[in-house]
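In the UniProt record's numbering, the protein residues as written are 1 to 391.
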């Protein structure tokens with residue numbers, strides 16, 4: 001098992017980042033980029049980058065590709081019986097692409113015979129979860145600090161690891177990633193064009209109702225700062241928290257994609273959770289005096305954001321207790337068989353302690369109808385255990 005570590009566990013995460021002087025997306029070589037450099041220069045600073053030649057040793061880079069194209073026969077023989085979600089990029093309903101389920105065999109037949117009349121995009125396919133023994137890729141070391149998928153795998157819940165297969169000109173609408181998480185995407189085959197917006201620039205795109213357009217048209221917005229970059233086969237792109245983006249497949253493309261959260265961006269996730277709750281409370285403010293208002297807000301928050309305050313508290317509590325155990329049992333892996341070094345564990349615990357303080361000082365924490373006494377006691381016990389370490 002490989003170990004990841006940092007040089008200073010007391011590193012400070014900026015509360016806000018200034019992107020005014022950010023002028024270009026750096027392109028780096030995978031064999032020259034260390035975890036420490038990626039941690040300090042990109043995750044901490046919350047800025048994107050491209051990392052080249054990251055998938056050359058993956059099984060899928062050999063087995064899925066034949067003569068520079070998707071090996072249709074291999075896909076049909078290996079995965080054809082499986083089902084996957086497919087978006088129709090030529091059919092928009094309620095400001096999103098319509099979706100359906102197809103067998104992989106059906107989708108590969110479409111891709112092989114594609115005339116361009118339909119733009120079908122197989123996406124959000126949980127192939128790793130469906131076939132856990134299929135080692136078609138390995139999580140790159142620079143992306144190994146992943147609390148989100150660590151939690152999901154440890155609890156055998158839905159993960160945030162996906163395969164995307166898209167025909168030429170299929171696209172993903174303008175959006176920000178789930179939970180305000182990081183994301184990484186590696187092209188196994190093909191080419192994508194990305195347009196990324198530094199946090200705050202998306203506000204300039206809102207209509208009078210606060211909604212974003214489905215697609216960004218450069219000619220309509222002269223005062224918006226954005227970055228356009230082409231991702232080639234073998235490239236990984238790192239999309240930081242809060243960076244809205246849209247993507248188009250310039251040719252038939254296959255990619256592996258993860259959303260993830262760790263100590264570098266958990267504060268942004270917490271801020272996004274609070275912001276979304278405030279929006280919900282404002283939207284249904286006419287019911288503020290009702291007894292069930294706080295609980296109803298949490299229900300709506302979960303449906304819109306994907307997470308409520310209880311889920312967030314349980315998530316933080318689990319990762320914190322696991323990190324304490326990892327200080328004792330050094331061979332306990334984190335995510336994807338990677339082992340955390342001592343300084344990295346202490347960094348995670350320092351960040352978790354700060355988040356616990358924020359959770360327990362929030363007014364909702366006092367509402368026993370939302371945060372149960374059991375979760376409250378577990379968080380407070382974890383807090384004391386971390387404090388005793390004198391980090």
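The beta carbon of each residue, even a glycine, is placed where N, CA and C say it ideally should be.
Given the structure is predicted, the values throughout are model-derived calculations rather than measurements.
Reference residue i; option with closest CA among the options
i, options, result
"residue 84", "190, 177, 11 and 131", "131"
"residue 202", "194, 193, 192 and 213", "213"
"residue 392", "278, 288 and 284", "Here the chain comprises residues numbered 1 to 391, so residue 392 is not present and cannot be evaluated."
"residue 108", "96, 139, 71 and 124", "71"
"residue 243", "236, 227, 391 and 252", "227"
"residue 367", "351, 292, 357 and 53", "292"
"residue 407", "197, 344 and 258", "A question about residue 407 goes unanswered here, because the residues of the chain that appear run from 1 up to 391."
"residue 360", "318, 280 and 375", "375"
"residue 100", "134, 88 and 92", "88"
"residue 137", "163, 119, 333 and 153", "163"
"residue 320", "387, 233 and 23", "387"
"residue 273", "116, 152 and 311", "311"
"residue 155", "300, 356, 322 and 229", "322"
"residue 60", "44, 79 and 50", "79"
"residue 98", "267, 133 and 122", "122"
"residue 329", "318, 317 and 342", "342"
"residue 301", "116, 55, 373 and 283", "283"
"residue 392", "134, 339 and 317", "For the chain, the structure presents residues 1 to 391; residue 392 sits outside this window and is missing."
"residue 352", "332, 125 and 324", "324"
"residue 117", "384, 142 and 91", "91"
"residue 369", "294, 94 and 235", "294"
"residue 166", "187, 43 and 63", "187"
"residue 390", "34, 377, 347 and 134", "347"
Beta-carbon proximity check, residue i vs residue j, cutoff 8 Å
i, j, result
"residue 128", "residue 102", "no"
"residue 173", "residue 96", "yes"
"residue 241", "residue 265", "yes"
"residue 46", "residue 30", "no"
"residue 405", "residue 6", "One cannot answer for residue 405 here, as it falls past the ends of the chain, which runs 1 to 391."
"residue 182", "residue 307", "no"
"residue 194", "residue 231", "yes"
"residue 196", "residue 224", "no"
"residue 276", "residue 146", "no"
"residue 297", "residue 280", "yes"
"residue 247", "residue 169", "no"
"residue 4", "residue 144", "yes"
Residues that DSSP places opposite residue i in a beta bridge
i, result
"residue 238", "49 and 184"
"residue 244", "197"
"residue 102", "84"
"residue 257", "162 and 185"
"residue 264", "Looking at the DSSP assignment, residue 264 forms no beta bridge with any residue, so it has no partner."
"residue 218", "In DSSP, residue 218 forms no bridge with anything."
"residue 97", "92"
"residue 340", "4"
"residue 70", "65"
beta-carbon residue i near the ligand COA non-hydrogen atom, thresh 7 Å
i, result
"residue 259", "No copy of the ligand COA appears in this structure; indeed no ligand is present at all."
Nearest-angstrom Cβ-Cβ length linking residue i and residue j, presumed shorter than 8 Å
i, j, result
"residue 65", "residue 189", "6 Å"
"residue 120", "residue 86", "5 Å"
"residue 49", "residue 209", "34 Å between Cβ atoms; not a contact."
"residue 335", "residue 57", "Wrong, their Cβ atoms sit about 19 Å apart, outside the cutoff."
"residue 2", "residue 350", "Wrong, their Cβ atoms sit about 23 Å apart, outside the cutoff."
"residue 356", "residue 379", "6 Å"
"residue 437", "residue 76", "This structure does not reach residue 437, given that the chain is present from 1 up to 391, and the question cannot be answered."
Could you name each continuous beta strand (DSSP E) segment of 3 residues or more that falls completely within the region 22 to 66, going from the start of the chain to the end? 26 to 29 and 49 to 52
At what residue ranges does the region 151 to 197 contain a whole run of the beta strand (DSSP E), taking only runs of 3 or more? 161 to 166, 171 to 175, 182 to 189 and 192 to 197
Quick one: complete alpha helix (DSSP H) runs, 4+ long, within the region 281 to 329? 293 to 305 and 309 to 328
Extract the residue ranges of the beta strand (DSSP E) inside the region 111 to 144, only unbroken runs of 3 or more that lie entirely within it. 120 to 125
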